[in-house]
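Below is one structure, written out as structure tokens; comments come after it.
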Amino acid sequence: ETGVTQTPRHLVMGMTNKKSLKCEQHLGHNAMYWYKQSAKKPLELMFVYNFKEQTENNSVPSRFSPECPNSSHLFLHLHTLQPEDSALYLCASSRGSGLNQPQHFGDGTRLSIL
Amino acid sequence: KQEVTQIPAALSVPEGENLVLNCSFTDSAIYNLQWFRQDPGKGLTSLLLIQSSQREQTSGRLNASLDKSSGRSTLYIAASQPGDSATYLCAGLRDDKIIFGKGTRLHILP
Numbered sequence: 054e055t056g057v058t059q060t061p062r063h064l065v066m067g068m069t070n071k072k073s074l075k076c077e078q079h080l081g082h083n084a085m086y087w088y089k090q091s092a093k094k095p096l097e098l099m100f101v102y103n104f105k106e107q108t109e110n111n112s113v114p115s116r117f118s119p120e121c122p123n124s125s126h127l128f129l130h131l132h133t134l135q136p137e138d139s140a141l142y143l144c145a146s147s148r149g150s151g152l153n154q155p156q157h158f159g160d161g162t163r164l165s166i167l
Numbered sequence: 020k021q022e023v024t025q026i027p028a029a030l031s032v033p034e035g036e037n038l039v040l041n042c043s044f045t046d047s048a049i050y051n052l053q054w055f056r057q058d059p060g061k062g063l064t065s066l067l068l069i070q071s072s073q074r075e076q077t078s079g080r081l082n083a084s085l086d087k088s089s090g091r092s093t094l095y096i097a098a099s100q101p102g103d104s105a106t107y108l109c110a111g112l113r114d115d116k117i118i119f120g121k122g123t124r125l126h127i128l129p
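Going line by line, the protein sequences match chains A and B.
According to the numbering used here, the first sequence is numbered sequentially starting from 54.
According to the numbering used here, the second sequence is numbered sequentially starting from 20.
Structure (structure tokens):
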């Protein structure tokens, strides 16, 4: 148990579907992150939220839309995805702002786009 | 552009051996260097974080060193155990950008 819970664990969707990934942390952290892990590629940071405010968007396509209603919850809304978006999506949280703190990761959502 | 390289991509060693995993980065102006472990089907577990002002960090059988001048970090695992089998990733942080290597897949043979 890492303290960071992601749901669903697996998701299969068509390119025209709309779905959302959910992340919840029980660690009292103030920063939350979305990462993408594709096969044979390094882990990529997608979005960073500090105290519910988005502070980082690493040139992520608009078909990925994050939402952070409070410091404990983070969502990733998906629509009109492409086959190359199939990957493991990891959520993480850390104490304080910035990336200079140890991050705690969830177990990820394995996303497959048909 | 900051790049992080991990060599080898995969490693198998007998149980009980000491081993070293390597990480190199192209930009010496990193703020910190982190080592993570990832088990199959799981997220990442932070192992050690070395700040730019530090040279090394230790936790149990793990020791990580950082040499900014040469752009290298090593993760030393003493007395390896089958439970150490996992993928080990290093990540460098600079200017609020965190760049990961592709990882070294470690298999400890019983």
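Here a beta-carbon is modelled for each residue, glycine too, at the ideal position from N, C-alpha and C.
Residues in its own chain within less than 6 Å of B/A110 by CB, not counting five upstream and five downstream? Shown here for B/A110: same chain residues with a beta carbon closer than 6 Å to its own, the five before and five after excluded, namely Q53, I117, F119 in chain order.
A/F185 CB to nearest chain B CB: under 8 Å? For residue 185 of chain A there is no data in the structure shown, the boundaries of chain A being 54 and 167.
Hey, could you find the ends of the beta strand (DSSP E) A/N123 is sitting in? Here the beta strand (DSSP E) through A/N123 covers 117-123.
3-residue-minimum beta strand (DSSP E) runs that sit fully inside the stretch 75-105 of chain B, ordered along the chain: Fully enclosed beta strand (DSSP E) runs of no fewer than 3 residues occupy 75-78, 81-86, 91-96 of the stretch 75-105 of chain B, in order along the chain.
Starting from the Cα of A/H82, find the closest Cα among A/I166, A/V101, A/P119, A/D138 and give me that residue. Proximity to A/H82 across A/I166, A/V101, A/P119, A/D138 peaks at A/V101, based on C-alpha coordinates.
Partners in chain B for A/T69, counting only beta-carbon separations shorter than 7 Å: Contact annotation for A/T69 against chain B: no contact, minimum CB-CB distance about 28 Å [criterion: below 7 Å].
Am I right that B/L132 and B/N51 are in contact with their C-beta atoms under 8 Å? What's the rounded C-beta distance? The structure shown has nothing for residue 132 of chain B, since chain B only spans 20 to 129.
What runs of the beta strand (DSSP E), each 3 residues or longer, lie entirely inside the stretch 75-102 of chain A? Those beta strand (DSSP E) runs which fall completely within the stretch 75-102 of chain A and span 3+ residues are 84-90.
Sorted by chain position, which residues of the same chain lie with C-beta nearer than 6 Å to B/A29's C-beta, five sequence neighbours on each side aside? So the qualifying residues of the chain are R124.
Assigned secondary structure, A/E137 (DSSP; H/G/I helix, E/B strand, else coil): A/E137: helix per DSSP, three-state reduction.
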